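Protein chains: 2
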Amino acid sequence: MTVWCNGNFVDTLTLDPAERGLMLGDGIFETIAVRNGKPIWLQQHLSRMEEAARAIGLPLQDAEIRKGIAAVLSKSNHISEVLRVTLTRGPTGRGLALNGDKPTLIAALNPFDRATLSQSVQLITASISRHAASPASRFKTLSYIDAVLAAREVADRADDALMLNEHGRVACSTVANIFLLKEQSLITPSSGEAILPGITRAKLNGGARELGLELQLRPVEYEELHAAEAVFLTTSLRLATPVSSIDGKSSGTRDISFINAFFERNLT
Amino acid sequence: MTVWCNGNFVDTLTLDPAERGLMLGDGIFETIAVRNGKPIWLQQHLSRMEEAARAIGLPLQDAEIRKGIAAVLSKSNHISEVLRVTLTRGPTGRGLALNGDKPTLIAALNPFDRATLSQSVQLITASISRHAASPASRFKTLSYIDAVLAAREVADRADDALMLNEHGRVACSTVANIFLLKEQSLITPSSGEAILPGITRAKLNGGARELGLELQLRPVEYEELHAAEAVFLTTSLRLATPVSSIDGKSSGTRDISFINAFFERNLT
Numbered sequence: 023m024t025v026w027c028n029g030n031f032v033d034t035l036t037l038d039p040a041e042r043g044l045m046l047g048d049g050i051f052e053t054i055a056v057r058n059g060k061p062i063w064l065q066q067h068l069s070r071m072e073e074a075a076r077a078i079g080l081p082l083q084d085a086e087i088r089k090g091i092a093a094v095l096s097k098s099n100h101i102s103e104v105l106r107v108t109l110t111r112g113p114t115g116r117g118l119a120l121n122g123d124k125p126t127l128i129a130a131l132n133p134f135d136r137a138t139l140s141q142s143v144q145l146i147t148a149s150i151s152r153h154a155a156s157p158a159s160r161f162k163t164l165s166y167i168d169a170v171l172a173a174r175e176v177a178d179r180a181d182d183a184l185m186l187n188e189h190g191r192v193a194c195s196t197v198a199n200i201f202l203l204k205e206q207s208l209i210t211p212s213s214g215e216a217i218l219p220g221i222t223r224a225k226l227n228g229g230a231r232e233l234g235l236e237l238q239l240r241p242v243e244y245e246e247l248h249a250a251e252a253v254f255l256t257t258s259l260r261l262a263t264p265v266s267s268i269d270g271k272s273s274g275t276r277d278i279s280f281i282n283a284f285f286e287r288n289l290t
Numbered sequence: 023m024t025v026w027c028n029g030n031f032v033d034t035l036t037l038d039p040a041e042r043g044l045m046l047g048d049g050i051f052e053t054i055a056v057r058n059g060k061p062i063w064l065q066q067h068l069s070r071m072e073e074a075a076r077a078i079g080l081p082l083q084d085a086e087i088r089k090g091i092a093a094v095l096s097k098s099n100h101i102s103e104v105l106r107v108t109l110t111r112g113p114t115g116r117g118l119a120l121n122g123d124k125p126t127l128i129a130a131l132n133p134f135d136r137a138t139l140s141q142s143v144q145l146i147t148a149s150i151s152r153h154a155a156s157p158a159s160r161f162k163t164l165s166y167i168d169a170v171l172a173a174r175e176v177a178d179r180a181d182d183a184l185m186l187n188e189h190g191r192v193a194c195s196t197v198a199n200i201f202l203l204k205e206q207s208l209i210t211p212s213s214g215e216a217i218l219p220g221i222t223r224a225k226l227n228g229g230a231r232e233l234g235l236e237l238q239l240r241p242v243e244y245e246e247l248h249a250a251e252a253v254f255l256t257t258s259l260r261l262a263t264p265v266s267s268i269d270g271k272s273s274g275t276r277d278i279s280f281i282n283a284f285f286e287r288n289l290t
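First to last, the protein sequences are chains A and B. Positions in the first sequence are counted from 1; adding 22 to them yields this note's numbering. Positions in the second sequence are counted from 1; adding 22 to them yields this note's numbering.
Shown next, in the form of structure tokens:
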């Protein structure tokens, strides 16, 4: 692992004991695929991070973020890697509403073995749901414990957890957006459905017409998953991954390799 | 500040870059009042921490926790202090569901100036709500960003934010439980209402009969706040604090000093 923190390469993180990223999950992050030393969809990730920073009142750090990313990428020596950028409010005194003046910025580069990606995933619905009125469900914040616990709840029986929203409708998995294919329709839960607005999701939404698909951004009922010709997950690292079963019931088996072919044509 | 981490007194925290407390808000904490070197309601805090650890699948660390607390308390030199105990899942590889085998345990002791406590607080309702299906609302986890953002939302206009739950009913403030007094009734939202089960709340609930009050643990409608003779908040550090107004409307002014007198009689 190559790690850069606030201007320096480091082996361990040295943090103020009042660091709010640790004490209160008060920060945001991005996870970015890197191939042959090049970050994929970097501008989109930085834009989303900037939007999240603005929403939660973190000072914008675009130049510093780019500096940290360039630093760790200069040490890139694998074909496939994962870059994580973490920005916190840094240390403050006691008081939830306080502003820090020393944000903590971390860029970390790790090898990512694409060969270990599973060909398809089994999902089980978690009892823990997502809620549109919770910023933690809409932004990629450090307050990730609900997704952690949803993943742990199903870990013995499935590859990932399906998370529903407060209305019992489909939201996403713990780490991925979810899509359905049915005839010429490409269906994915709309932004008010307590989903994280994924970069890979946005890329596919933008390509639907090119793929001859009619995009439907709308609330998605659970039962629709079982009626779809294919269900798949999207993430920056794994692109599209077919879902083979949901709650023990086999999913539609329509081939989605054309979706991944689309992504591979559009990595810049 | 006196800080102890995993067996040693430290000035700064030295953490593995994969530390899940920082990266995923994957941990829990307790905030404990300390008077003249003695932690108040310690056993209750440790029991709640143990329950949270079990619920989120963290290894129990009771002996280590007691060791860390004893270490920082040995340096106590103020009349009034605040002790925070933080336990995380520590570092792991990639994968939300992974178990760590090196939990991070931090005990930190800070002065707490009781003289600065406000006599009463003004509340404004936050747009961010709490949700019973979210473990982050029921356990004192490091994933605290929803409360942070609720506090920030009202910080220019109020002392704290009132948080409602997914049904629009009263839950708590960002850092405190909430109670209503009406005639001989002591009313507080029940445990299914997306509240944190506060130690001070439990202490008062247990003392209701001694105080000649009829305890009502039940869903509480927002409108009831304005009809109450008194509304007050409870926390381990501040005990009971009267609420003087909610959303700009003055609250009932019944004296609650008998509640704090009860707490002061029952600090052990």
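Think of the CB as a built atom: it goes at the ideal place given N, C-alpha and C, for glycine as much as any other residue. Treat the numbers as computed from the prediction; the structure is a model and nothing was measured.
The region 77-96 of chain A: positions lying closer than 9 Å to chain B by Cβ:
Ala-77, Ile-78, Gly-79
Which listed residue (B:Leu-127, B:Ala-283, B:Val-192, B:Ile-200) has its alpha carbon closest to that of Glu-243 (chain B):
B:Val-192
Does DSSP classify Arg-70 (chain A) as helix, strand or coil?
helix
What residues of chain B sit near Val-25 (chain A), judged by a beta carbon separation below 9 Å?
Pro-39
Extent of the continuous beta strand (DSSP E) run through Ile-128 (chain A)
126-133
Helix, strand or coil at Phe-161 (chain A) [DSSP, three-state]:
coil
Using a Cβ cut-off of 7 Å, which residues of the region 140-174 of chain A contact any Cβ in chain B, in chain order?
Ile-150, Ser-151, His-153, Ala-155, Ser-156, Pro-157, Ala-158, Thr-163, Leu-164, Ser-165, Tyr-166, Ile-167, Asp-168, Ala-169, Val-170, Leu-171, Ala-173, Arg-174
Using the C-alpha atoms, what's the distance from Gly-270 (chain A) back to Gly-115 (chain A)?
49 Å
For a contact defined as C-beta to C-beta under 7 Å, what are the partners of Gly-43 (chain A) on chain B?
Leu-44
Taking 8 Å as the cut-off, does the region 64-80 of chain B touch the region 132-148 of chain B (at least 3 CB pairs, one atom from each stretch)?
no
Of all the options A:Ala-216, A:Leu-235, A:Leu-226, which has the alpha carbon lying nearest to the alpha carbon of Ser-207 (chain A)?
A:Leu-235
Which ranges would you report for the alpha helix (DSSP H) in the region 218-242 of chain B if only whole runs of at least 4 residues count?
221-229
Can you give the beta carbon distance from Thr-256 (chain B) to Gly-229 (chain B), rounded, assuming they're within the 8 Å contact cut?
Actually they do not touch by this definition, with Cβ atoms about 12 Å apart.
Does the beta-carbon distance from Pro-113 (chain B) to Thr-34 (chain A) come in below 8 Å?
no
Tell me, please, whether the region 251-265 of chain A touches the region 194-205 of chain A by the rule of three or more beta-carbon pairs shorter than 8 Å.
yes
What are the boundary residues of the beta strand (DSSP E) that includes Met-45 (chain A)?
Here Met-45 (chain A) belongs to no beta strand (DSSP E); instead the alpha helix (DSSP H) covers 42-46.
Would you say Thr-36 (chain B) faces chain A, with C-beta separation under 8 Å as the test?
yes
If the cut is a Cβ gap below 9 Å, which residues of chain B does Glu-103 (chain A) touch?
Near Glu-103 (chain A) there are no residues of chain B at all, since even the closest Cβ is about 12 Å away, more than 9 Å.
For Val-94 (chain B), I'd like the list of residues in its chain whose CB is within less than 6 Å of its CB, leaving aside the five on either flank, ordered along the chain.
Thr-24, Trp-26, Ala-129, Leu-131
For the region 187-198 of chain A, which residues have a CB atom closer than 8 Å to at least one CB atom of chain E, in sequence order?
The question asks about chain E, but that chain is absent: this structure's protein chains are A and B.
Note down the Cα distance separating Glu-52 (chain B) from Arg-240 (chain A), rounded to an integer number of angstroms.
41 Å
Would you mind telling me which residues of chain B sit closer than 7 Å to Asp-269 (chain A), beta carbon to beta carbon, in chain order?
Per Cβ cutoff of 7 Å: no residues; Asp-269 (chain A) is ~18 Å from chain B at best.
Contact set between Thr-108 (chain A) and chain B, taken where Cβ atoms lie within less than 9 Å:
Leu-44, Met-45
Hey, quick one: how far does the beta strand (DSSP E) through Ile-167 (chain B) stretch, first residue to last?
Run containing Ile-167 (chain B): none in the beta strand (DSSP E); it sits in the alpha helix (DSSP H), 167-176.
Phe-31 (chain B) burial status per 10 Å Cβ neighbour count (16 or more: buried):
exposed
Hey, would you say Gly-274 (chain A) sits closer than 8 Å to Ala-250 (chain A), going by beta carbons?
yes
Could you spell out where the beta strand (DSSP E) holding Val-94 (chain B) opens and where it closes?
Not the beta strand (DSSP E): Val-94 (chain B) falls in the alpha helix (DSSP H), residues 84-95.
State yes or no: is the beta carbon of Ala-130 (chain A) nearer than 8 Å to at least one beta carbon in chain B?
yes
Helix, strand or coil: how does DSSP classify Arg-111 (chain B) here?
coil
Using a threshold of 8 Å, state whether the C-beta atoms of Ser-156 (chain B) and Asp-168 (chain A) are closer than that.
yes
Show which residues of chain B have a CB atom less than 7 Å away from the CB atom of Ala-119 (chain A).
Ala-173, Arg-174, Ala-177
Determine the chain B residues that contact Asp-48 (chain A) at a beta-carbon separation under 8 Å, and present them in chain order.
Tyr-166, Ile-167, Val-170
Would you please state the rounded distance, in angstroms, between the beta carbons of Thr-126 (chain B) and Ile-50 (chain B)? I believe it to be under 8 Å.
Going by Cβ atoms, the distance from Thr-126 (chain B) to Ile-50 (chain B) rounds to 11 Å, so no, they are not a contact pair.
Can you tell me which of A:Val-143, A:Leu-233, A:Val-253, A:His-248 puts its alpha carbon nearest to the alpha carbon of Phe-280 (chain A)?
A:Leu-233
Could you check if Ser-272 (chain A) is buried or exposed, using at least 16 other CB atoms within 10 Å of its CB as the buried criterion?
exposed
By a C-beta neighbour count over all protein chains shown, 10 Å radius and 16 as the cutoff for buried, is Ala-158 (chain A) buried or exposed?
buried
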